[in-house]
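Novice:
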Amino acid sequence: MDKDGSFSEWYNDILRLAGIVDVRYPVKGLYVWCPFGFKIRRYTYEILRDLLDSTGHKETYFPLLIPEQEFMKEAEHIKGFQDEVYWVTKGGLDDLDIPLALRPTSETAIYPIFKLWIRSHADLPILVYQIVNTFRYETKGTKPLIRNREISSFKEVHTAHESYEDAEEQVRKATEIYKSFFKRLCIPILISKRPDWDKFAGADYTIALDTIMPDGKTLQIGTIHNLKDNFARTFGITYEDKNGEQRYVNQTCYGISERCIAAMISIHGDDKGLVLPPEVAPVQIVIIPIIKKDHELQIIEKCESIKNRLRTRYRIELDKSDERPGAKYYKWELKGVPFRIEIGPRDIEKESVTISRRDKNEKVSVKEEDIEGWIEEESDKMVYDLYNKAEKEMFSRIIEYDSSEEIAIAQEVCREDKSDSSSQNHDSCNTSIDSKIDESYKIDKINKRYVYKTGWCGKESCGTEIEDKTGLKILGEIIDEEKAGRCVLCGDESKIKIYLAKTY
Ligand code: 5CA
Ligand code: ZN
């Protein structure tokens, strides 16, 4: 496998070879989770559940089917989703009286019930979530775990509050929760406020979390929406405040999908296969007996006894198959097992074992009685190292510019991209500026596919022209940044710093 050579080939290979998903299901955009992949999903979503449960969120379940009249209530929401909804129109041979939408997301399933649940300020805030499948008839190319038509692992939170300020506060809390979540997956993120034309359908504003994938394109791996009272007005969700007056609630919703697993696999994986943070690894330790003649029984016994000792604390496998040790290493490296313990005659003599860490190329001899302590410490170090490596890589791909000269370089990147058949719609970026760009600099840019940071005056007309000219997308206003600068297009003073990127 050659990750740097062709990322997209590497990605498809690893999904298959490591047993994450089977893409051969005969409906476009629907994928089968294989047993190993499903375990990664389980441990990953356990983190999410844990973070939500410990911050006052309650898990619920709302139905998959949404009656047409509820779905059609919120004008902006419909506009945003009408092209993506699957409809159920028949029950057996009969036409249904009321067509039913397969949820593309659950606002219109949940909010009519919020209306029934919420009476007074004492009922607020409400924070519920569900982890369900949703369906979106995606027309952009589908890609396993990244752009599904059945999103199998959609975690959606829906909240209701007394005031707009409370909703804003919830957006901040959600951002912190998502930061912790991605930190535990060792995924660095960029946080920005999406431009108005790119916000969630029906929202007041959208905060998005993106990460940079190995091919330099950004992937949106989470979004947090302040819905203001937009849906409350549509669905009539009111409460009686302390003075006995009826008021609309203010709402937020925020979601994460299996894209978090796509990002984790892509960012940490290498040419040997998966690299997984211990917390989500289905197998955390593998023991490999190094059998030498005459010692077989003794070695196997030692392996069994160490396994039994460790298995109360770790997900552990002992590989007693007939394969050669080299073949076993290869197999478990592909699966991203964080720690490999080898035990041979020499180790037994020394009352030690030989341990190696998946993300490092070294073997360490550890005293038998110290194994737990060592693993504990190295687990923390591994998480720290994985995160820092990924973050360093991410920052190395972000460059700041504020001249049109450098926009031209972005254009050049874009022009080169047109030769790669996967990209389309960038007809406006064919200006020739070869003479102005140093060749090696240009090639470096193209290979790394930079994300740009620049100024924007905030005018939509400038925004669309920046996108057109560069063939890149505005991710949004960078949160928590000094804002001074100039609009890269019109030169006006800019209040806003933005990221520009090629996106998934
Ligand atoms: N109701 C809101 C919050 S739950 C909502 O639906 N937001 S969303 O449309 O932005 O989706 C939430 C997240 O799901 C996105 O940020 C993105 O990471 C992920 N997502 C969206 N569409 C797909 C898809 N087709 N396949 C996989 N993941 C997706
Ligand atoms: Zn401008």
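Residue numbers (our numbering): 665 to 1168. Just so you know, even glycine gets a beta-carbon here, dropped at the ideal spot from N, CA and C.
(1) In chain order, what residues of the same chain lie with their CB nearer than 8 Å to the CB of residue 815, ignoring the 5 residues before and after it?
(2) Return the chain-ordered list of same chain residues with a C-beta closer than 7 Å to the C-beta of residue 966, the five sequence neighbours on each side being excluded.
(3) Do residue 868 and residue 892 have their CB atoms nearer than 7 Å?
(4) Compare the C-alpha of residue 1057 against each of 719, 675, 853 and 721 and name the closest.
(5) Measuring CA to CA, which of 758, 773, 752 and 770 is closest to residue 764?
(6) Quick one: what's got a C-beta closer than 8 Å to residue 617's C-beta in the same chain, skipping five residues either side?
(7) Rounded to whole angstroms, what is the Cα-Cα separation between residue 850 and residue 714?
(8) Measuring only the C-alpha atoms, how far is residue 1179 from residue 950?
(9) My parser needs the alpha helix (DSSP H) runs of 4 or more residues fully inside the segment 967-1008; what are they?
(10) With three or more C-beta pairs closer than 8 Å as the rule, is the segment 739-748 touching the segment 765-779?
(11) Comparing C-alpha positions only, which one of 1135, 902 and 1163 sits nearest to residue 1122?
(12) What do you reckon, is the C-beta of residue 914 under 6 Å from a heavy atom of the ligand 5CA?
(13) Out of 718, 784 and 876, which one is the CA nearest neighbour of residue 1139?
(14) Quick check: the segment 673-693 against the segment 780-798, are at least 3 beta-carbon pairs closer than 8 Å?
(15) Out of 1115, 786 and 668, which has the shortest C-alpha to C-alpha gap to residue 907?
(16) Tell me, which residues are paired with residue 1165 by DSSP?
(17) Using the C-alpha atoms, what's the distance from residue 839 back to residue 716?
(18) Here's the rule: buried if 16 or more other CB atoms are within 10 angstroms of the residue's CB, otherwise exposed. What is residue 699?
(19) So, using beta-carbon positions, are residue 878 and residue 687 closer together than 7 Å?
(20) What are the start and end residues of the beta strand (DSSP E) that includes residue 902?
(21) Which same chain residues end up closer than 8 Å to residue 941 when comparing Cβ atoms and leaving out the 5 residues on each side of it in sequence?
(22) Around the C-beta of residue 1044, are 16 or more other C-beta atoms found within 10 angstroms, so that it is buried, or is it exposed?
(23) Does at least one heavy atom of the ligand 5CA sit under 6 Å from the Cβ of residue 917?
(24) With 16 other CB atoms within 10 Å as the buried threshold, where does residue 803 fall?
(25) What are the complete alpha helix (DSSP H) segments, minimum 4 residues, inside the segment 825-890?
(26) For residue 697, does the count of other Cβ atoms within 10 angstroms reach 16, so buried, or fall short, so exposed?
(27) Quick one: does the C-beta of residue 1132 sit closer than 6 Å to a heavy atom of the ligand ZN?
(28) Suppose you measure from the CA of residue 680 to the CA of residue 981; what does that come to, to the nearest Å?
(29) Given a cut-off of 7 Å on the beta-carbon distance, is the pair residue 1061 and residue 993 in contact?
(30) Among 880, 719 and 924, whose alpha-carbon lies nearest the alpha-carbon of residue 823?
(31) Assign residue 856 to one of two classes, buried (16 or more other C-beta atoms within 10 Å of its C-beta) or exposed (fewer than that).
(32) Give a single yes or no on whether residue 746 has its beta carbon closer than 6 Å to a heavy atom of the ligand 5CA.
(33) Cutting at 7 Å between CB atoms, please list the residues of its own chain near residue 1065, excluding the five before and the five after it.
(34) Residue ranges of each alpha helix (DSSP H) run of no fewer than 4 residues wholly in the segment 699-739, ordered along the chain?
(35) Between the C-alpha atoms of residue 1020 and residue 948, what's the straight-line distance to the nearest angstrom?
Specialist: According to the data block:
(1) 797, 798, 799, 800, 921 and 922
(2) 1007 and 1012
(3) yes
(4) 853
(5) 752
(6) Because the chain spans 665 through 1168 in this model, residue 617 falls outside it and cannot be assessed.
(7) 17 Å
(8) The requested residue 1179 is not part of the displayed model; the chain covers only 665 to 1168.
(9) 989-998
(10) yes
(11) 1163
(12) no
(13) 876
(14) no
(15) 786
(16) 1137
(17) 12 Å
(18) exposed
(19) no
(20) 902-904
(21) 848, 849, 850, 928, 932, 1002, 1046, 1047 and 1050
(22) exposed
(23) yes
(24) exposed
(25) 828-848
(26) buried
(27) no
(28) 21 Å
(29) no
(30) 719
(31) buried
(32) no
(33) 1116 and 1118
(34) 699-717 and 732-735
(35) 12 Å
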